[in-house]
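Number of protein chains: 4
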Amino acid sequence: MKIGIVGIGYWGPNLLRNLNENKKFKVRYICDLSRAKLNNISLSDDNIIKTTNIKDLLSDKNLEAVFISTPVNTHFKIAKSCLEANKHVFIEKPLSDSKQRCLALIELAEKKSLSLFVDHTFLYSPAVMKIKKISQKKDFGKFIYYDSTRINLGLIQNDINVLWDLAVHDISILNYLCEEKPKKVSCVGHKYISSKPETAAYLTLKYSSNFIAHINVNWLSPVKIRKTILGGSRKMIVYNDLEPSDKLTLYDKGIDVIKKEKSSINLIKYKVGDTIVPSLKIKEALSQAISDFYQTIVNKNFICKSDGLKGLEVVDILEAANKSMKLEGKPINI
Amino acid sequence: MKIGIVGIGYWGPNLLRNLNENKKFKVRYICDLSRAKLNNISLSDDNIIKTTNIKDLLSDKNLEAVFISTPVNTHFKIAKSCLEANKHVFIEKPLSDSKQRCLALIELAEKKSLSLFVDHTFLYSPAVMKIKKISQKKDFGKFIYYDSTRINLGLIQNDINVLWDLAVHDISILNYLCEEKPKKVSCVGHKYISSKPETAAYLTLKYSSNFIAHINVNWLSPVKIRKTILGGSRKMIVYNDLEPSDKLTLYDKGIDVIKKEKSSINLIKYKVGDTIVPSLKIKEALSQAISDFYQTIVNKNFICKSDGLKGLEVVDILEAANKSMKLEGKPINI
Amino acid sequence: MKIGIVGIGYWGPNLLRNLNENKKFKVRYICDLSRAKLNNISLSDDNIIKTTNIKDLLSDKNLEAVFISTPVNTHFKIAKSCLEANKHVFIEKPLSDSKQRCLALIELAEKKSLSLFVDHTFLYSPAVMKIKKISQKKDFGKFIYYDSTRINLGLIQNDINVLWDLAVHDISILNYLCEEKPKKVSCVGHKYISSKPETAAYLTLKYSSNFIAHINVNWLSPVKIRKTILGGSRKMIVYNDLEPSDKLTLYDKGIDVIKKEKSSINLIKYKVGDTIVPSLKIKEALSQAISDFYQTIVNKNFICKSDGLKGLEVVDILEAANKSMKLEGKPINI
Amino acid sequence: MKIGIVGIGYWGPNLLRNLNENKKFKVRYICDLSRAKLNNISLSDDNIIKTTNIKDLLSDKNLEAVFISTPVNTHFKIAKSCLEANKHVFIEKPLSDSKQRCLALIELAEKKSLSLFVDHTFLYSPAVMKIKKISQKKDFGKFIYYDSTRINLGLIQNDINVLWDLAVHDISILNYLCEEKPKKVSCVGHKYISSKPETAAYLTLKYSSNFIAHINVNWLSPVKIRKTILGGSRKMIVYNDLEPSDKLTLYDKGIDVIKKEKSSINLIKYKVGDTIVPSLKIKEALSQAISDFYQTIVNKNFICKSDGLKGLEVVDILEAANKSMKLEGKPINI
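Protein chains in written order, with the working numbering: chain L, 550 to 883; chain D, 550 to 883; chain U, 550 to 883; chain Z, 550 to 883.
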């Protein structure tokens, strides 16, 4: 299946490397507005065409799919033109910069019977897939809370705030792990430079089931932290993505509430059992995402965990968070 | 100076030990409603009287001060009766369970010319005092943000929620480090057990100067974390209170915003210099707090960083946080 | 059972505290050559006599046992006089400063039917007892190696080198964990100050079964490390004694050697399974050691893991290590 | 300058990548006995020839240098034939498998006026270069000890033992940091599989100046550790190579020995000052090594820290360590 890559800046080279190792896809075009970036890419295959003009891809009838890795504010326009030219679309997260535009892309893809895949890469990481597996078991109990800290000294971006860059990961993970969707969002943000987007944000999601999620994202931290706790009523997981291999720790810790008959008093018992560090497969998430994208194309019944609809659900929450942020933390219903 | 201790549960023995080592104070009474707790205390001094009746202390004309370490909801009543009996008062944090009651105690102490000292112990810890010193220097720059995580598997209390148990520390530290007071508070809380107080809370404080503070407190974490970041515009400090000695790390990291003349575009330059772990004095905070309490008694001009007024300012913010929490994060003006 | 404590310097107060909590023993004397140290001790029991003269203890017919916590070079003389005065002896590690003196004490205790207990405290720590339990299971495999690093910025002692202060712990743990005794010792030491004992030593023990142990001890490290690896052929344990609770990590890692029939080539397969952090009882080792000492007195059939003989076996290895150290690492048979 | 690469297994691709980014060298050949390995390499330059026959390189008059990255036991033969064919040689560490063979290569290179460069990569790492700079300053004091732990679950090699794979790094670093060479070596090794080389070794080097170095290498550790302490009489450095950026920590800790006049007693004072984590340049060591190799070719007066002679000095110590290991730790003079 012949494909093209649009955008070869920060993430594009990872796409290229993984596509080169994938046997189903054959890269034919690499497209970027910057000639310098194109020149930087060294190719092992002479048949790949480097171009600054996306029309070269759109007009090639043999090209079946496009991988888009461009700034978020260009997503809608580029994805739309690809779908219109009958190409399947694999696009970096978030799907687009508004709920409405996401909907438009989903509808267009459906109408054309094309695949629209959003690269929420974490959903394909061995760590997150293991968390899903562990947390769905009965002995994990009910979900109590999700608490994630995703901070570092990062590039201050011009077009999107820190929510759309970092919290987007946690929101996609939450939607993946948890059956229900949040009903209320409150978010407080902070701008370090008044003319730039928010550099820090504290986001809280409330769910009908009494589950709560809290996400702390910051581009101005002197230390890099990627730490997520998923607290269950029977077990709890800590996920430290910076650990080279021992990313997950499963605690057999928690509180047993013992309801006494005919009494309003709840007795509480603390429990502490062995802790387990599950071994994880060493597998690049992006490679698995690309495989799943292929499945969505060849198998129309394939259930994809990161399709356009999933991408929309993430943007829906991001939009609500932005709204709450403007109202200084006022809760917004979703 | 003869003194009494009221409440010999969790924190009381620390008071006793430090008072035994202090040469200005002489413990004469230990008072607790529980005879069992009193019996557990072994004494090196036969002149100390154990009693379950606080009136023994109040009626002793020679007793000059009382150290109160009882549940928060008893603070007001006990402190009031001590002040009325003309005793100086050293009381555990928070000063009381409402702003109004704090005010009443402060007024009573003033009228009687008695000392009212709130034991916000962290203000006397070598780490926090060092942060104060470092952050006041010009080369630290302006305060950008304060971000604190204070979580562990803790005792679920019946009378107070996790804010009044854990966030109280951060609020007192913030008020100490920062000249200005927050203008707005938003807080989202979470109850694990519906009949109990909140076990987790996410609190955000906004300041007029664009400084922001975020506090994450949780009684249901499988791991214990006590980590605070103070981000300045020139330097940043990470304070890890669980480290036995290297509690502080001072980063020469940050972002330089370069304003270009006749241009609306700000250039950004990242800077990374050496990191310093300042050596800290090994000194128990409580011992220093007790010394300062003594100073407030003997020297009426002594400026105390933890007097009744400071205690009130903390409770003021806690009350506002409680209010926002009931409104699911709606911002509350202070 | 009435007992006395001799030596109330660094470790003595721990003995006192644990003996106060033990219901079988009743402290009657605290003896130290230093009047100042005696004065520093605050007592809850007026019946305890403080004395600088050990003869007060030896001549008291009602005194049944003595706990000795004095410098190593005084162990022999004090323990001998106690045994001669018909007191059971609980003595800090190492038992004495030479194999010969250890033997003399053991013989004297046997002749008099008295208990002689050496306080190799680590043998009673929940972590080491758990290692014993785990490593004896069949699925742990054969012992391959033991590798311990025990370094910090420590007091440079005048009478003993770093082996007798720090390596003594590892040797007692090794003798406890491992059925066999080492057959060969080689040790290289280092003196920072020529007039003082060795401040660093690297000790290697070889066993008949191909098991090997390596111990790295150093009084001049800027960082404190207490890390021990026990490598088995099927599983491996890492023991970090500085962790407040998660001291042990059990790895299901290793190498499977697959012997091929009719071939001299061994295939090797790496295996990596889940890692487990076993939960440990929170129990002070010293309290358990004191209980076992009591058992040795009242129950002559009690099998004690830290009696005089075990103490002798440790000193035997320390002597051989000293000898190898003088010969710059030449292996010494035991 | 046209060059060839011999050996494209584990390390070879790193050479290729760095050579592609270097503007002085132009890769013309990639040679490996394995056609499969050659096929795996994707090339951006069509002018590069893949070959399984080294003679293609040797006979190309325009080829000026060869980069050798093959098993140690092939080093001598390949390097010799390259030098004889008048090619400059860049070779992976260690230079060869015996002192004698190293000498022969050095002499051959000298006779032919060719460069012989040994890739002791660590000598070009920003961390080790910073240690050199810090430790040479007067306020670091005299070197007391070097203590390195370099362990992990590693490939058990067939041709070389763990010393030649891992300790080789420490020996090259030691020779680089320290003016003097060791006078005595003692080493104890351990074979897990009798038919294979040693999988663990404990190496101690003694110097005339009272400096001592200890190196712990192990292929069978469940955890990966790369930690080196350099203890000076005034300051101490800890180097943790696994840290992504904060690899070095400089401690202002140590012991002051105060000599009293007319007294044989030395007073000791412990000092503890601020700790510093120096910021390091982010620069790949291999790229800098390749630059230095180029310098040795074009500038005959260039002083190279990793030339044949330096490579020989490392192998000299490795040979002595092997000898001591066979004698179970007996010290060997160098």
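By construction, the Cβ of each residue, glycine as well, lies at the ideal position given by its N, Cα and C atoms.
- Distance check between U/S735 and each of Z/M874, Z/M550, Z/D688, Z/S583 places Z/M874 closest, using alpha-carbon atoms only.
- For D/T619, there are no C-beta contacts with chain Z under 7 Å, since the nearest C-beta of that chain is about 39 Å from it.
- Within the region 593 to 617 of chain U, the complete beta strand (DSSP E) segments at least 3 residues long are 598 to 600, 614 to 617, listed from N- to C-terminus.
- Here U/G561 really is in contact with U/S618; their C-beta atoms are around 4 Å apart, less than 8 Å.
- For the 9 Å CB-CB criterion, U/L702 and U/P746 do not form a contact.
- Chain L places a beta carbon closer than 9 Å to that of Z/D595, counting this residue as a contact.
- Exclusion of the five residues before and after U/G738 leaves E747, A750, M874 as the residues of its chain whose Cβ lies within less than 6 Å of its Cβ.
- U/V847 sits exposed, since fewer than 16 C-beta atoms from the chains shown fall within 10 Å of its C-beta.
- Shown here, Z/I778 sits in a strand according to DSSP, grouped into three states.
- For the 9 Å CB-CB criterion, D/Y694 and D/A628 do not form a contact.
- The criterion of a C-beta distance shorter than 9 Å is not satisfied by U/G781 and U/D696.
- Residue state for L/E877 is assigned as coil, using DSSP reduced to three classes.
- Assignment of Z/T623 by DSSP, reduced to helix, strand and coil, places it in the helix class.
- With fewer than 16 other Cβ atoms inside 10 Å of its own Cβ, Z/D708 counts as exposed.
- For U/K830, the secondary structure class from DSSP, reduced to helix, strand or coil, is coil.
- Straight through space, the alpha carbons of D/P675 and D/L829 are spaced by roughly 6 Å.
- The C-beta of U/S828 comes closer than 9 Å to at least one C-beta of chain L.
- One finds I825, V826, P827, S828 in chain Z with Cβ atoms closer than 8 Å to the Cβ of D/D823, taken in chain order.
- The C-beta of Z/N563 comes no closer than 9 Å to any C-beta of chain L.
- Within 8 Å of the CB of Z/S836, no CB atom of chain U is found; the nearest one sits about 31 Å away.
- Residues of chain D with a Cβ closer than 8 Å to the Cβ of Z/D795 are, in chain order, T824.
- Sequence-distant partners of U/K599 (beyond 5 residues in either direction) whose C-beta falls short of 6 Å from its own C-beta, in its chain, are I579, L587.
- With a cutoff of 9 Å on beta-carbon distance, U/I700 and U/I786 are scored as not near each other.
- Annotated as proximal: U/E833 and U/N567, with beta-carbon spacing under 9 Å.
- When DSSP states are grouped into helix, strand and coil, L/K849 belongs to the coil group.
- For D/E641, DSSP records a beta bridge to D/D668.
- For Z/L791, the nearest beta carbon of chain U is not closer than 9 Å to its own beta carbon.
- For Z/G803, the pairing in a beta bridge is given by DSSP as Z/K820.
- With 16 or more other Cβ atoms inside 10 Å of its own Cβ, Z/S855 counts as buried.
- Look at Z/Y788 here: in three-state DSSP terms it is strand.
- Judged by DSSP in its simplified three-state form, L/K733 adopts strand.
- Identification of residues in the region 760 to 773 of chain Z having a C-beta nearer than 8 Å to some C-beta of chain U yields I761, H763, N765, N767, L769, S770, P771, V772, given in sequence order.
- Between D/L606 and D/L632, the CB-CB gap reaches or exceeds 9 Å.
- The Cβ neighbour count for U/G878, taken over all protein chains shown within 10 Å, is at least 16; the residue is labelled buried.
- With a threshold of 9 Å between beta carbons, D/G780 makes contact with chain L.
- By a beta-carbon distance limit of 8 Å, Z/P827 contacts D/D823. Their separation comes to about 5 Å.
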